[in-house]
Every structure is written in structure tokens, then in C-alpha cells.
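In terms of mature numbering (1 follows the signal peptide of the UniProt record, and there is no 0), the sequence shown is residues -27 to -1, 1 to 232.
From the three backbone atoms N, C-alpha and C, an ideal C-beta is built for every residue, glycine too.
Just so it is clear, the structure is predicted and the values come from calculations on it, not from any experiment.
Working notes, structure below.
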Amino acid sequence: MKCNMFTTSEATLLAIIAAQFASTVLAAPLADVALNNIFERQACAYPLSLGTAKGFTLLAKGGITNSGVPLSITGDIGVTPAGTITGITAAQVTGTIHANNAVASAAAAVAANRCACALSKSPAVTTSGVLGGVTFAPGTYRITGAASAAANTFVTLDGASNPNGQWIFQISGSFTTGANVEIKLINGAKACNVYWVVGTSSINAATTLGATNIFNGNICDYGAITAGINLVANGSWFTLPAANIITIAGGTLKAVTTC
């Protein structure tokens, strides 16, 4: 739980809600999930954590499509509220596939909350949208417009030996990487402490990753996410609005839950 300070009326309300969940047709584990998410969807707290959503590698409101092999996904994948999953089998997923169920819905609500917290984090340093060849210390960076990393470049995140260092990139336009781009983590930087927030609730902006990328970090996208072949990705990907999908072409994708 992220918050443990409640007024008497708030505590009473939560007790009533818990009792309602326990007495309805929801199974006990799903009741626990729902109640936990009431606590998790509180005011923003930093450093950020994805909470119960961090076990998801891919979570989309519009759908998930894969067109390539080999494919290996470590972590859960899910769609909600009415999306489809195409080109992915249970054998390719070390985790659970949640198709339009209560678990996916609850995780999507938590992810939307945490992504909104990442988007609103301030103060932010305004920086150029040209990311390739640049080294970033932990911090919050705002890019007004599109961001990109040219082919065969590194975007380096230097943790400076601080295991709790966190990076938030607030990108108001599209985010594009060329082929053979790596989001490089050095000096203690962790993929689970990196947030790429693309677009806003009013700006539908897409993420497009080129072939043979090594991509580290969580993606919160208010548009669609598309990745090329030979992808290696560490982190959780979310497409937040309805109808936006995640499209991959095989690769190795893994949720990172150590933050």
C-alpha cells in the first residue's frame, strides 16, 4: 500500500467497500486486487512505483499484435476492456495472459494513475528532442514536441551509483528511434526506474522503435506503440487510451519488478 493515512470517514468507507467485495460474486483474490487498487490510486508519491501494474510486460486498451518470431515475453500481458491479442501464444509468455478480465482492468487503472503522476512531475528540465548521443543524470525532463534517437546511437542513463535514481521523460509529441538504438543503463541505473511518457490525455502521440533496439524503461503512451524486429526490451509498456494498440515483431520482452 502506498498510503496509510485516512480520516475516520475514509476508513469506514473502505471497510464498507471491502465488505461489499467480500459478499459479491467476485472471488476473494479479485476482491483483494480491487481493494488494493483503491489504496494505490491515491495522490502521487515519488519516487514512482508501478505497484500492481509492474508485473505486466504489455498492457493495452486497444489490443496487442505480434507478427514475428522468435518471441519471448517474461511477465503478464493484458488487454482491457475489449481488446484482442493476436499472434501470441501461451507458450511464448512466462506469465499470465489477461484478456479483458478484472485483473487487467485493475492494473490498467493503476498504470493510468502512475503514468499521470509521471506526466505531472515537476520541476522538469526542458531539453532537446534529440536524444541520441546524450547522457542523462537522474531527473525529470520535458520535451516540447517530438523526440528521437537516430540509428546506431546510445541514449545513456547514468545512475551515478544511486540505485534509487529515477528518470522521467515527458514527451508531448511522438517518440521515434532508428535501427540499432540502445537505451544504455550505467552506474546503477535500473530499467524499472525509467519512465517514457509519450503524449498527453489530449495529445495522441505514438512511440515507434526501430529494428534491433535494446530498450530499457517503462513506456506510458497516450497513443500506439510499435516496435521493429530483434527487439530486446526491459520494462512495462502501456497504451492508455481506448483503441490504441501495441504492435511488436517478435523479440525478447521482460517486465522488471525490482523497483
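* Look at the Cβ atom of A85, then the Cβ atom of F29, and state whether they are nearer than 8 Å. => no
* Jot down the residue ranges of each uninterrupted beta strand (DSSP E) in the region 33 to 117, minimum 3 residues, whole runs only, in chain order. => 36 to 39, 44 to 47, 49 to 52, 57 to 59, 70 to 72 and 112 to 116
* Which of helix, strand or coil does DSSP assign to A184? -> coil
* **According to DSSP, residues forming a beta bridge with I202** => DSSP lists no partner for I202.
* **Endpoints, the beta strand (DSSP E) within which N191 is located** => N191 to D194
* Can you find at least 3 beta carbon pairs, one from the region 110 to 124 and one from the region 45 to 64, that sit closer than 8 Å? -> no
* **Which of helix, strand or coil DSSP assigns to N207** => strand
* Asked: So which of A152, S174 and F188 has the shortest CA-CA distance to Y168?
  -> F188
* Asked: At what residues does the beta strand (DSSP E) containing T220 begin and finish?
  -> I218 to I221
* Extent of the continuous beta strand (DSSP E) to which T225 belongs -> G224 to K227
* Under three-state DSSP, which class holds A178? -> coil
* To do: Please look up how many angstroms separate the CB atoms of Y195 and G172, rounded, as I've assumed it's under 8 Å.
  => 3 Å
* Asked: Out of curiosity, what's the CA-to-CA distance linking A(-1) and L158?
  -> Only weak support is given to the placement of A(-1): the predicted model assigns it a pLDDT of 39, under 50, and the value that follows is read from those uncertain coordinates. Cα-Cα distance, rounded: 41 Å.
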